[in-house]
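Notes follow once the structure below has been shown.
Laid out in structure tokens, this is it:
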């Protein structure tokens, strides 16, 4: 990958997504949870409307996280554990690591030996729209607010996601689902700059795009029909865990790494 230009923050006369003249909110590109920094300004609705609807799924996909519920015969009802990071060992076994506080009740549930686990995986339908927002804003920062049929459709897709009543109601975006996305898994990011334009030189020729937070490269060249992602079946999954003898250890670092797909 060839890095071309480090983009610097740019302010517009109006919100680059919806056109609201009250573009007073600091906009991180990519989202701050992924290592982004303030790169432009948007209106209040566009600044806050994507977080819980699509950017949550982007963070979960980026970190390899699932939201889970545990149940066993020892505790009444299902207990939501919150986010768990999914990691894989060299012999193909997976490890679930709590991302945040962990309630003592989970130890009692797991002590039962046989545990039912329900889990939700991040949906491509939503996290791809979060990436589309990043790519669109990067293009605006570099070239000015984009005009034309493609840009009009991107803005329409983003506003449809922003204004959806809930995460479950976010409509899919054909443009978002046809983005080329590469994910880096090195211990350190390629660069500390939040948004850098670049070119990937591959067997099919060069592909221009933007590197986000030094780890995510997204091309603004759409995938063709043979390359477009076909989202896997989504929804809540249920599985049964057989828990063995407890072990005690200390986790010193948890880095994103390639993993077996969860859905």
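In my numbering, the protein residues as written are 495 to 757. The beta-carbon is built from N, C-alpha and C at its ideal position, and this holds for glycine as well.
> Is the distance from the Cβ of residue 536 to the Cβ of residue 510 below 8 Å?
Replying inline: yes
>> Is the separation between the beta-carbon of residue 565 and that of residue 572 shorter than 8 Å?
In response: yes
> Considering residue 602, what are the terminal residues of the alpha helix (DSSP H) in which it resides?
Replying inline: 599 to 604
>> Run through the DSSP bridge pairs and tell me what residue 582 is partnered with.
In response: 588
>> Counting C-beta neighbours from all protein chains within 10 Å, is the total for residue 568 16 or more, i.e. buried, or is it exposed?
In response: exposed
> Do the CB positions of residue 737 and residue 604 come within less than 8 Å of each other?
Replying inline: yes
> Is residue 594 closer than 8 Å to residue 607 when the C-beta atoms are compared?
Replying inline: no
> Buried or exposed: where does residue 669 fall if 16 or more other Cβ atoms within 10 Å of its Cβ makes it buried?
Replying inline: buried
> Does the segment 650 to 666 come close enough to the segment 577 to 588 that 3 or more CB-CB pairs lie under 8 Å?
Replying inline: no
>> If distances are taken between C-alpha atoms only, which option among 659, 533, 528 comes closest to residue 519?
In response: 533
> Looking at the structure shown, is residue 544 part of a helix, part of a strand, or coil, going by DSSP?
Replying inline: coil
>> Distance check for residue 618 and residue 551, CA to CA, integer angstroms please.
In response: 8 Å
> Does the beta-carbon of residue 500 have 16 or more other beta-carbons within 10 angstroms, so that it is buried, or is it exposed?
Replying inline: exposed
> So what does DSSP say about residue 507, is it helix, strand or coil?
Replying inline: coil
> Expressed to the nearest angstrom, what Euclidean distance is found between the alpha-carbon atoms of residue 624 and residue 590?
Replying inline: 25 Å
> In three-state terms, what does DSSP make of residue 703?
Replying inline: strand
> Quick one: what's residue 621 bridged to in DSSP?
Replying inline: Answer by DSSP bridge pairing: none, since residue 621 is not bridged.
> Contact between the segment 703 to 714 and the segment 678 to 686: three or more CB pairs below 8 Å?
Replying inline: yes
> From the DSSP output, which residues share a beta bridge with residue 564?
Replying inline: 573, 611
>> I believe residue 758 touches residue 521 by the beta-carbon criterion, under 8 Å. Please report the beta-carbon distance rounded to the nearest angstrom.
In response: Absent from the model: residue 758. The displayed extent of the chain is 495 to 757, so no value can be given.
> For the putative contact between residue 561 and residue 613, defined by C-beta atoms under 8 Å, what is the C-beta separation to the nearest angstrom?
Replying inline: 7 Å
>> Check this for me: beta carbons of residue 730 and residue 546, under 8 Å apart or not?
In response: no
> In terms of residues, what are the limits of the alpha helix (DSSP H) holding residue 669?
Replying inline: 668 to 671
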